[in-house]
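Student: Okay, here's the structure, questions in a sec.
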Amino acid sequence: MADKNAAIGTRVIHGNQSVDPTTGAVMPPISLSSTYAQRSPGEHLGYEYSRSHNPTRYALERMMASIEGSTLTEQDDASCGGFAYASGLAAMGSICDLLDAGDEVVCMDDLYGGSQRLLRRVRERSQGLRVNFVDLSSNDNLSAITPGTKMVWVETPTNPTMKLCDLSAIAEATRAVAPEALLVCDNTFATPILQRPLEHGFDIVMHSATKYLGGHSDAVAGIAVTGSKELADRLRFVQNAVGAVLGPFDSYMVLRGIKTLAIRMERHSRSAMQIARFLDSHPGVERVAYPGLESHPQYALAARQMDGGRGHFGGMITFWLKGGLEQARTFLESVRVFTLAESLGGVESLVEHPAIMTHASVPAEERAKLGIDDSLIRLSVGIEDEEDLLGDIRSALAASVG
Ligand SMILES: *Cc1c(COP(=O)(O)O)cnc(C)c1O
């Protein structure tokens, strides 16, 4: 088990992990058993039923707690404040289950389409949540957080327009007016390698582990991490009561992926920076949104909040082509190394068209307000050879905008 103070590049490999006590296995076995034998009624080794306790899931959950910077121990909480769910949206749903019917939520306006759908089309109806979608990328709008606010939900950088939220400012503003409100950050895009919201005063970090954490486009999973024992107790109760748990095989897959998270993020970030610079200088490109470019309106915040001085800003780039749907379509049909597909964060480079694909469920007028138009293209830069990636973008641009 690595020291809590070990650097994150060490914690992604050893964080809260221990060798198997019976065999010395370095990686945990995939424990498929749904139930566990008891010596006498109620007398067991800490495992009763796999929805409630599973050793492979625990290994992933403890790892996530370590890399997101939760300081809880196994004495505080069986999985140190980390929780794994069947998908990112299952994680979000379980976090929303901490709220009561009719509670008021302040939410970043530019969220992943599926997160908006869960709030707007399910939880507003089934739980009566009153969700106020606000552009929290501007600290001027923090007045939307009131004494009645029970949860503040942010994503930073946002998907797809790459806006940032100032996590420390939001935490401070919320504590001042609504000290009990839950502060939640969807950290899917940045990953704990680039940004750790708990360290900025947030209560819960949420992930779609389907993306960078798993990293190989072969598992669907979600994560929540808290550094508070009281919240860990409540999350544990809901995880077991609602039952949206991650299975042992997928827990193993995500844990395996995390071992290379630090080196993957370095490579994603380096290649994305080069591609963003190239796009920024191309005459056929109207605008590029990448937090590592000095032209990003929140570059100073990104440098402070995301990269820790290493110049790493992640693998996601959004850009607007000169032209419209026809130019975008030609670009998307012309790429050869990038694959046209939804999702992000895998080793392979992906490209997608949010207006038609991932964000089609966002109402058209909302999309227009957010700038998600037909010329917008989103890249998830993978870890292939940088020159091959640049060459692919160069020739697809030549085919679409000349
Ligand atoms: C994909 C994604 C989700 C949803 O996660 P699933 O694993 O697909 O359920 C939530 N937030 C962000 C930022 C995402 O990219």
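The numbering of the sequence shown is this note's numbering, which starts it at 1 and goes up by one.
Glycine included, every Cβ here is placed at the ideal spot set by N, Cα and C.
(1) How is THR22 classed by DSSP in three states: helix, strand or coil?
(2) Terminal residues of the continuous beta strand (DSSP E) containing ILE317?
(3) Using the Cα positions of ASN159 and GLN17, report the straight-line distance between them to the nearest angstrom.
(4) For VAL214 versus GLY257, is the C-beta spacing smaller than 8 Å?
(5) Please work out which residues of its chain come closer than 6 Å, Cβ to Cβ, to PRO147, disregarding the five sequence neighbours upstream and downstream, and give them in chain order.
(6) Using only CA atoms, which one of HIS14, SER52 and THR35 lies nearest to ALA26?
(7) Residue ranges of each beta strand (DSSP E) run of no fewer than 3 residues wholly in the segment 220-269, ordered along the chain?
(8) Less than 6 Å between C-beta atoms, sequence neighbours within five positions excluded: which residues of the same chain meet that for TRP320?
(9) Can you give me the C-alpha to C-alpha distance between ARG125 and ARG117, rounded to a whole angstrom?
(10) Closer than 7 Å by C-beta to ASP392: which residues in its own chain qualify, once you throw out the five before and the five after it? Chain order, please.
(11) Excluding the 5 residues preceding and the 5 following GLN404 in the sequence, name in chain order all residues of the same chain whose CB lies nearer than 7 Å to its CB.
(12) Among GLY324, ASN5, VAL12 and LYS4, which one has its Cα closest to the Cα of MET265?
(13) Confirm the yes/no value for this check: CB of THR210, any heavy atom of ligand 1, distance under 7 Å.
(14) Reducing DSSP to helix, strand and coil, say where ILE67 ends up.
(15) Compute every distance between the C-beta of PHE133 and the non-hydrogen atoms of ligand 1, then say whether any falls below 7 Å.
(16) Give the DSSP-derived three-state secondary structure of LYS150 in the structure shown.
(17) Identify every residue that forms a DSSP beta bridge with LEU213.
(18) Let me check one thing: in DSSP terms, what residues is TYR49 bridge-paired to?
(19) Following the continuous alpha helix (DSSP H) through ASP392, name the residue where it begins and the one where it ends.
(20) Mind checking who ARG378 pairs with in its DSSP beta bridge?
(21) Which two residues bound the contiguous alpha helix (DSSP H) that contains GLY93?
(22) Which residues does DSSP list as the beta-bridge partners of MET206?
(23) Note down, in chain order, each residue of its chain lying with its Cβ closer than 6 Å to the Cβ of SER400, except the 5 sequence neighbours on either side.
(24) Using a Cβ-Cβ cut-off of 7 Å (strictly less than) and excluding sequence neighbours within five positions of ALA219, which residues of its own chain qualify?
(25) How far does the beta strand (DSSP E) with GLY82 in it extend, from its first residue to its last?
(26) Is THR188 close to ligand 1? I mean its beta-carbon at under 7 Å from any heavy atom of the ligand.
(27) Considering only C-alpha positions, which residue in the set LEU231, ASP100 and HIS353 is nearest to THR149?
(28) Quick check on the DSSP output: the beta strand (DSSP E) that includes ALA289 runs from which residue to which?
(29) Keeping to the same chain, check which residues put their C-beta closer than 8 Å to that of ASP135; ignore five residues upstream and five downstream.
(30) Go ahead and pull the three-state DSSP assignment for THR73.
(31) Quick test of your reading: ALA91 and GLY222, contact by CB under 8 Å. State the CB separation rounded to the nearest angstrom.
(32) Heavy atom of ligand 1 less than 7 Å from the Cβ of GLY346, yes or no?
(33) State the Cα-Cα distance for the pair GLU180 and THR174, rounded to the nearest angstrom.
(34) By how many angstroms is the C-alpha of GLY227 removed from the C-alpha of LEU261?
(35) Alpha carbon to alpha carbon, how far is VAL122 from ARG130? Give it in angstroms, no decimals.
(36) From this set, MET63, LEU45, GLY42 and SER31, which residue's C-alpha is nearest LYS259's C-alpha?
Tutor: Looking at the atomic coordinates:
(1) Walking along the sequence shown from the start, residue 22 turns up at place 22. Three-state result, THR22: coil.
(2) In the sequence shown, counting from the first residue as 1, residue 317 sits at position 317. Counting along the chain, the beta strand (DSSP E) containing ILE317 begins and ends at 316-321.
(3) Sequence index remark: in the sequence shown, residue 159 carries index 159 (1-based). Sequence index remark: in the sequence shown, residue 17 carries index 17 (1-based). Roughly 32 Å between the two C-alpha positions.
(4) Within the sequence shown, numbered from 1, the residue matching residue 214 stands at position 214. Within the sequence shown, numbered from 1, the residue matching residue 257 stands at position 257. Note that residue 214 is Gly in the sequence shown here, rather than Val. Contact flag set, yes.
(5) Mapped onto the sequence shown, residue 147 falls at position 147. Contacts found: VAL177 and ALA178.
(6) For the purposes of this step, residue 26 is identified with residue 26 of the sequence shown, where counting begins at 1. Note that residue 26 is Val in the sequence shown, not Ala. Closest by alpha carbon: HIS14.
(7) 222-226
(8) Here residue 320 corresponds to residue number 320 of the sequence shown, with the count starting at 1. The residues are GLU286, ARG287, SER375 and LEU376.
(9) Residue numbering aside, residue 125 sits at position 125 when the sequence shown is read from its first letter. Residue numbering aside, residue 117 sits at position 117 when the sequence shown is read from its first letter. Each residue's alpha carbon lies about 11 Å from the other.
(10) Taking the sequence shown and counting its residues from 1, the one referred to as residue 392 is at position 392. VAL335, ARG336, VAL337 and PHE338.
(11) Residue 404 is absent from the structure shown; the chain starts at 1 and stops at 402.
(12) Working through the sequence shown from its first residue, we reach residue 265 at position 265. Selected option, being the one with the closest Cα: VAL12.
(13) Reading the sequence shown from its first residue, position 210 is the one you call residue 210. The nearest non-hydrogen atom of ligand 1 is less than 7 Å from the C-beta of THR210.
(14) Translated into positions along the sequence shown, residue 67 becomes position 67. ILE67: helix per DSSP, three-state reduction.
(15) Position 133 of the sequence shown, counted from the first residue, corresponds to residue 133. Flag unset: Cβ of PHE133 not near ligand 1.
(16) Taking the sequence shown and counting its residues from 1, the one referred to as residue 150 is at position 150. Correct three-state label for LYS150: strand.
(17) Taking the first residue of the sequence shown as position 1, residue 213 is located at position 213. Per DSSP, none; premise fails for LEU213.
(18) Translated into the one-based positions of the sequence shown, residue 49 becomes position 49. Paired residues: THR35.
(19) In the sequence shown, residue 392 corresponds to position 392, counting from 1. Start and end: 386-401.
(20) Working through the sequence shown from its first residue, we reach residue 378 at position 378. ARG378 is bridged to THR318 and GLU352.
(21) By 1-based counting over the sequence shown, the position of residue 93 is 93. Here the alpha helix (DSSP H) through GLY93 covers 88-96.
(22) Stepping through the sequence shown from its first residue, residue 206 is reached at position 206. Answer is ASP186 and ALA224, bridged to MET206.
(23) Stepping through the sequence shown from its first residue, residue 400 is reached at position 400. Closer than 6 Å at the Cβ level, and outside the excluded window around SER400, lie GLN327, THR330 and PHE331.
(24) On the sequence shown, residue 219 is found 219 positions in, with the first residue counted as 1. THR210, ASP250, MET253 and VAL254, listed in sequence order.
(25) The residue you call residue 82 lines up with position 82 of the sequence shown. Taken as a continuous stretch (DSSP letters only), the beta strand (DSSP E) holding GLY82 covers 82-85.
(26) Sequence index remark: in the sequence shown, residue 188 carries index 188 (1-based). True, at least one ligand heavy atom lies under 7 Å from that Cβ.
(27) Within the sequence shown, residue 149 is the residue found at index 149, counting from 1. Checking every option, the nearest Cα to that of THR149 belongs to ASP100.
(28) Here residue 289 refers to the residue found at position 289 of the sequence shown. 285-289 is the extent of the beta strand (DSSP E) around ALA289.
(29) Translated into the one-based positions of the sequence shown, residue 135 becomes position 135. Hits under 8 Å: MET108, ASP109, ASP110, ASN141 and LYS163.
(30) The sequence position of residue 73 within the sequence shown is 73, counting from 1. DSSP places THR73 in coil when its eight states are reduced to three.
(31) For the purposes of this step, residue 91 is taken as residue 91 along the sequence shown, with counting starting at 1. For the purposes of this step, residue 222 is taken as residue 222 along the sequence shown, with counting starting at 1. Going by Cβ atoms, the distance from ALA91 to GLY222 rounds to 3 Å, so yes, they are a contact pair.
(32) As a working note, residue 346 is residue 346 in the sequence shown. Result no, Cβ not under 7 Å from ligand 1.
(33) Position 180 of the sequence shown, counting from 1, holds the residue named residue 180. Position 174 of the sequence shown, counting from 1, holds the residue named residue 174. Distance between the alpha carbons of GLU180 and THR174 is about 9 Å.
(34) Here residue 261 refers to the residue found at position 261 of the sequence shown. Here residue 227 refers to the residue found at position 227 of the sequence shown. If I take the Cα positions, the gap works out to 21 Å.
(35) Within the sequence shown, numbered from 1, the residue matching residue 130 stands at position 130. Within the sequence shown, numbered from 1, the residue matching residue 122 stands at position 122. Distance between ARG130 and VAL122, taken at the CA atoms: about 12 Å.
(36) Along the sequence shown, read from residue 1 onward, the residue named residue 259 stands at position 259. Ranking MET63, LEU45, GLY42 and SER31 by Cα distance to LYS259 puts MET63 first.
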